[in-house]
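Chemist: Below is a structure I'd like to ask you about.
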Amino acid sequence: MRRTRKEESDDGAPRQYAGFSEDLGLYVSISVRGDRVTAVRLTEERPEGAKDEHPYLARILEHLATGRGDLRDIPLDLEVSPFDRRVLEVMRTIPPGEVVTYGELARASGRPGAARAVGGACARNPAPVLVPCHRVVPASGGLGNYSAAGGPATKRRLLEKEGALAKVKGT
DNA sequence: ATTTTGGCGCTAT
DNA sequence: AATAGCGCCAAAA
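Once you know that position 149 of the first sequence is 152 in the numbering used here, the rest is easy, because the numbers rise by one and skip nothing.
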């Protein structure tokens, strides 16, 4: 297989790009293989050896800054279990400004009653922000938990920026 | 109104 | 191989 430019390679190690989000107070980094994103991370420290320019990264940072924009067309390549894949797929259709409960997402994924398992899928989400696990909240009100850096405080900022906080009970 | 109980799919002991 | 424990939920007590 001939490859003119490394950047267009579909295999091999993903390339990493990182930028800082003022709104989150965190670094956002993405791993890209070919033209697909394999991971997104939110971290306190800037990852070693990451480059800083990538169109997908720019769009993500833009979204974090404005709360607007649709990131749903950015192609993903995630290594997850079949159940998680299904859940993440449905999760990705939740538009900015909206929230759904874990239970609703379970039903929408064809697994009514698997609300808790959906929580697990969220916790393992390899691409936060692009797969908007922050838009999934407990039916009982409040924000629930958030696994990426900053925890629930980060979840709150994300929802606030998207104008979704009003739709969350008890906030 | 609050607490308990049983269900869910997966990962890490 | 088995169990515990998670970003939860709804029905029962």
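Using N, Cα and C, we set each Cβ at its ideal position, and we do this for glycine too.
Bear in mind the structure is a predicted one, so any value in this text is a computation, not a measurement.
Output the boundary residues of the alpha helix (DSSP H) element that contains ARG110.
Modeler: ARG110 -> alpha helix (DSSP H) spans 105–111.
Chemist: Going by C-alpha to C-alpha distance, which of ALA151, GLU163 and PRO99 sits closest to ALA42?
Modeler: Cα-wise, what sits closest to ALA42 is ALA151.
Chemist: Rounded to a whole number of angstroms, what is the C-alpha to C-alpha distance between GLU165 and GLY15?
Modeler: GLU165 and GLY15: Cα-Cα distance of roughly 35 Å.
Chemist: How would you call GLY148, buried or exposed, if buried means at least 16 neighbouring beta carbons within 10 angstroms?
Modeler: Reading off the sequence, residue 148 comes out as Asn, not Gly. ASN148 comes out exposed.
Chemist: State the DSSP-derived secondary structure class of LEU168, mapped to helix, strand or coil.
Modeler: Of the three classes helix, strand and coil, the one that applies to LEU168 here is helix, per DSSP.
Chemist: Between which two residues does the beta strand (DSSP E) holding ALA53 run?
Modeler: Taken as a continuous stretch (DSSP letters only), ALA53 belongs to no beta strand (DSSP E), as it is neither H nor E.
Chemist: Could you pull out every unbroken alpha helix (DSSP H) segment of at least 4 residues lying fully inside the region 37–88, listed in chain order?
Modeler: Correct list: 58–69.
Chemist: I believe THR46 touches TYR30 by the beta-carbon criterion, under 8 Å. Please report the beta-carbon distance rounded to the nearest angstrom.
Modeler: Yes, THR46 and TYR30 are in contact; Cβ-Cβ is about 5 Å, under 8 Å.
Chemist: Which of helix, strand or coil does DSSP assign to ARG6?
Modeler: Summary for ARG6: the model assigns pLDDT 46, below 50, so the residue's position carries little reliability; its value from the coordinates is reported in the next sentence. DSSP places ARG6 in coil when its eight states are reduced to three.
Chemist: On the criterion of 16 or more Cβ atoms from any shown chain inside 10 Å, does GLY22 qualify as buried, or is it exposed?
Modeler: The residue is buried, with at least 16 neighbouring Cβ atoms inside 10 Å.
Chemist: Determine the DSSP secondary structure at ALA126, reduced to helix, strand or coil.
Modeler: Of the three classes helix, strand and coil, the one that applies to ALA126 here is helix, per DSSP.
Chemist: Rounded to the nearest angstrom, what separates ASP80 and ARG95 at their Cα positions?
Modeler: The alpha-carbon atoms of ASP80 and ARG95 are separated by roughly 13 Å.
Chemist: Is it buried or exposed for ARG160, if we count other Cβ within 10 angstroms and need 16 for buried?
Modeler: Buried, since its Cβ has 16 or more Cβ neighbours within 10 Å.
Chemist: Keeping to the same chain, check which residues put their C-beta closer than 7 Å to that of PRO141; ignore five residues upstream and five downstream.
Modeler: Counting only Cβ-Cβ distances below 7 Å, and skipping sequence neighbours, we find THR104, TYR105 and GLY147.
Chemist: Within this structure, are the beta carbons of ARG44 and ILE33 separated by less than 9 Å?
Modeler: Yes, these two residues count as a Cβ contact at 9 Å.
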